[in-house]
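Student: Quick one: structure below, then a few questions.
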Amino acid sequence: MKIRYFAWLREHIGASSETLSFDPSWVSVADLVAELKTKSDGHAKALSDMTLVRVAVNYDYVDLDHTLSDGDEVAFFPPVTGG
Amino acid sequence: MKIRYFAWLREHIGASSETLSFDPSWVSVADLVAELKTKSDGHAKALSDMTLVRVAVNYDYVDLDHTLSDGDEVAFFPPVTGG
Amino acid sequence: MTVIVTEDDFDLAEIYAKLRTPKSPPSPGAVTVFVGLVREMNNNRPITSMTLEHYPGMTETRLEAIRDQAMQRWPLTGATIVHRVGKLGPNDQIVAVGAASAHRQASFDAANFMMDFLKTEAPFWKSEDTGDGAEWVSARDSDDTAKRRW
Amino acid sequence: MTVIVTEDDFDLAEIYAKLRTPKSPPSPGAVTVFVGLVREMNNNRPITSMTLEHYPGMTETRLEAIRDQAMQRWPLTGATIVHRVGKLGPNDQIVAVGAASAHRQASFDAANFMMDFLKTEAPFWKSEDTGDGAEWVSARDSDDTAKRRW
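This is how it looks when you write it as structure tokens:
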């Protein structure tokens, strides 16, 4: 399972992506977030307030209760500011 | 007083402009229209239905009850179709 | 370049360049440009040519007034109207309006407003030729409705 | 040219030419083009550079979806979105959207719609440098409001 980070989440975490083995106990995105926050202070900081974070799974926006599958690409990033 | 005609009004009347001596008995545009309609069949046809005609005096849109003055430039034309 | 009535074709890139980089600051963050083109068909018959008649003097006066209204109503860094007259062919450019602002919605709205007012207030008349003689284009009620939004 | 994400600058004249004269008929009667530019100031401090980060793969997917929605919602003869990424300077072009139609309001609305959706759905992030280090630009509530109009 590939995890990607953008903008200030990438900076806090110090990496633009990481690969995790899928854990079948993770049902939703929220479970994955709880797991990721234990990885480092940077992870904890980046994911501390999920109201500031958008989540995409396989390029589609999803909510925290979205069900994960093995092989998903999950991305965490701030609200977008292009255009 | 200069009178100008555009588009199909110009075609009906057969002239793009004409010059009239101002008659102090013409109070409003409606009086001028009544006078112009007597000038030729073309004038009568062009000005027969004033709901199809727009009037400008000195480059400003006016209604039929607009008061005329000597030296005014009065234009008659259809609703505009540019752009 | 603010309001131009001309028989000559215009270059959209030039209109845009002047809106993007005005002679004096501030520069805009958003530029909207609209171009109207001669349509190719009228009631399923190909249009061979279009002629645009106008009222010299009044045309420029009305276009300036429309541009001034837009400049007053929105925080614009620039606004342009260019309208052609004379004989045009299918797909030829008829009109360009452009509006530049710090704000994207102001630039969209100002350009849209200028087109709606131009369509109902600027003294231009189109006649379309489909090969069987020219016909004056009729004004559309929808244009009056569009103007009343503002 | 329908959706492009690129580090290179774009030529508005080229985008417009393709909308004006599509490879297959019908040709449009109306073309609206919008360009977003790097602003020159942030809180009264001059911006020396801007960097645009994006999510390759998702960006193109979202932009295609936004363009498809516009094509379905309005009778368009063409629609284009071009967005730059990487490092840009003041007054540089960031984004262009264009929409062509037989109808002027459709071309205005489709371009406006694509910008509103791009602003809230396309995964780009701006960081602005005023010389004291780069700062991530904050998303604005007004952009969400603009999107909900449609």
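Chains as they are written, first to last, in my numbering: chain A, 1422 to 1504; chain B, 1422 to 1504; chain C, 116 to 265; chain D, 116 to 265.
We treat Cβ as the ideally placed atom computed from N, Cα and C, and that holds for glycine.
Touching or not, the segment 203-218 of chain D and the segment 143-162 of chain D, by the rule of three or more beta carbon pairs under 8 Å?
Tutor: Enough Cβ pairs lie closer than 8 Å, so yes.
Student: My output table needs one value for I119 (chain D): the three-state DSSP class, helix, strand or coil.
Tutor: The answer is strand: DSSP assigns I119 (chain D) an E or B state.
Student: Report yes if the CB atom of G1503 (chain A) is closer than 7 Å to the CB atom of F228 (chain D), and no otherwise.
Tutor: Their beta carbons are not under 7 Å apart, which means G1503 (chain A) does not touch F228 (chain D) by this criterion.
Student: Where does V210 (chain C) fall in DSSP's three states?
Tutor: Strand, per DSSP.
Student: For T245 (chain C), I'd like the list of residues in its chain whose CB is within less than 7 Å of its CB, leaving aside the five on either flank, ordered along the chain.
Tutor: These residues qualify, in order along the chain: N157, R160, P161, I162 and T163.
Student: To the nearest angstrom, how far is the alpha carbon of S139 (chain C) from that of Y131 (chain C)?
Tutor: Straight-line Cα distance between these residues: approximately 15 Å.
Student: Just to make sure I have the definition right: I need the residues of chain C whose C-beta is within less than 8 Å of the C-beta of T1440 (chain B). Which are they?
Tutor: The contacting residues do not exist; T1440 (chain B) stays about 16 Å from chain C at best.
Student: For the pair the segment 245-261 of chain D and the segment 176-192 of chain D, tell me if three or more CB-CB distances fall below 8 Å.
Tutor: With the cut-off at 8 Å, the segment 245-261 of chain D and the segment 176-192 of chain D do not touch.
Student: Is it buried or exposed for V1404 (chain A), if we count other Cβ within 10 angstroms and need 16 for buried?
Tutor: Nothing in the structure corresponds to residue 1404 (chain A), since chain A is present only between 1422 and 1504.
Student: Relative to the C-alpha of D1452 (chain B), which candidate in B:D1470, B:P1500 and B:L1489 has its C-alpha closest?
Tutor: Out of B:D1470, B:P1500 and B:L1489, B:L1489 has the C-alpha closest to the C-alpha of D1452 (chain B).
Student: Look at the alpha carbon of G213 (chain D) and the alpha carbon of A226 (chain D), and state the distance between them as a whole number of angstroms.
Tutor: Each residue's Cα considered, the two are about 6 Å apart.
Student: Using 7 Å as the threshold, is the C-beta distance between K1458 (chain B) and L1468 (chain B) below it?
Tutor: Cβ distance < 7 Å, so K1458 (chain B) and L1468 (chain B) count as in contact.
Student: Alpha carbon to alpha carbon, what distance is there between G193 (chain C) and T176 (chain D)?
Tutor: One C-alpha to the other measures close to 34 Å.
Student: Round the Cβ separation of M230 (chain D) and R264 (chain C) to the nearest angstrom and send it over; I've been treating them as touching at under 8 Å.
Tutor: Contact doesn't hold; Cβ gap of about 19 Å is too wide.
Student: Once you ignore the five residues that flank P1499 (chain B) on each side, which residues in its own chain have a CB closer than 8 Å to its CB?
Tutor: F1427, A1428, W1429, L1430, L1473, V1474 and R1475, listed in sequence order.
Student: With 7 Å set as the bound, which would you pick, yes or no: does the beta-carbon of T192 (chain C) sit closer than that to a beta-carbon of chain D?
Tutor: So no, T192 (chain C) is outside the interface.
Student: Scan the segment 158-185 of chain C for residues whose Cβ lies nearer than 8 Å to a Cβ of chain B and list them as they occur along the chain.
Tutor: Flagged, chain order: L167, E168, H169, Y170, G172, M173, T176 and R177.
Student: How many angstroms separate the CA atom of S1446 (chain B) from the CA atom of I1424 (chain B)?
Tutor: Computed Cα separation, rounded: 17 Å.
Student: Across which residues does DSSP place A215 (chain D) in a beta bridge pair?
Tutor: In the DSSP output, where bridge partners are listed per residue, A215 (chain D) has D:V146 and D:G193.
Student: Does the beta carbon of G1435 (chain A) come closer than 7 Å to any beta carbon on chain D?
Tutor: It does not; no Cβ of chain D falls within 7 Å.
Student: Rounded to the nearest angstrom, what separates H1433 (chain B) and M186 (chain C) at their Cα positions?
Tutor: Using only the alpha carbons, I get a separation of about 39 Å.
Student: Quick check on DSSP: helix, strand or coil for E1439 (chain B)?
Tutor: Strand at E1439 (chain B).
Student: So is F232 (chain C) buried or exposed if we call it buried at 16+ other beta carbons inside 10 Å?
Tutor: Label assigned to F232 (chain C): buried.
Student: Based on the DSSP output, what are the partners of D244 (chain C) in its beta bridges?
Tutor: Its beta-bridge partners are C:S164 and C:A249.
Student: L203 (chain C) to Y170 (chain C), Cα distance in whole Å?
Tutor: Answer to the nearest angstrom: the Cα atoms are 18 Å apart.
Student: Taking the C-alpha atoms as reference points, what is the distance between K133 (chain D) and P143 (chain D)?
Tutor: So the two alpha carbons sit approximately 11 Å from each other.
Student: Straight-line CA distance for L167 (chain D) to V148 (chain C)?
Tutor: Spanning the two alpha carbons is a distance of roughly 24 Å.
Student: Tell me the rounded alpha-carbon separation between V197 (chain C) and T121 (chain C).
Tutor: Approximately 8 Å between the Cα atoms of the pair.
Student: Return the residue from the list C:R135, C:V200, C:G248 and C:V146 that minimises the CA-CA distance to F125 (chain C).
Tutor: Nearest of C:R135, C:V200, C:G248 and C:V146 to F125 (chain C), Cα basis: C:V200.
Student: Are S216 (chain D) and L191 (chain D) closer than 7 Å when you measure CB to CB?
Tutor: The answer is yes: Cβ separation under 7 Å.
Student: Hey, how far is the Cα of A237 (chain D) from the Cα of K262 (chain C)?
Tutor: Whole-angstrom Cα-Cα distance: 33 Å.
Student: Counting contacts by CB-CB distance shorter than 7 Å, is V197 (chain D) in contact with chain A?
Tutor: V197 (chain D) does not count as touching chain A.
Student: Would you call S222 (chain C) buried or exposed, if buried means 16 or more other Cβ atoms sit within 10 Å of its Cβ?
Tutor: By the 10 Å Cβ count, S222 (chain C) comes out buried.
Student: Could you tell me whether the Cβ of V252 (chain D) comes closer than 7 Å to any Cβ of chain A?
Tutor: With 7 Å as the cut-off, V252 (chain D) counts as an interface residue toward chain A.
Student: Please determine, among A:E1456, A:V1454, A:F1443 and A:F1497, the residue with the shortest C-alpha to C-alpha distance to M173 (chain D).
Tutor: Selected option, being the one with the closest Cα: A:F1497.
Student: Could you check what DSSP says for M1422 (chain B) in three-state terms: helix, strand or coil?
Tutor: Note: M1422 (chain B) maps to coil in three-state DSSP.
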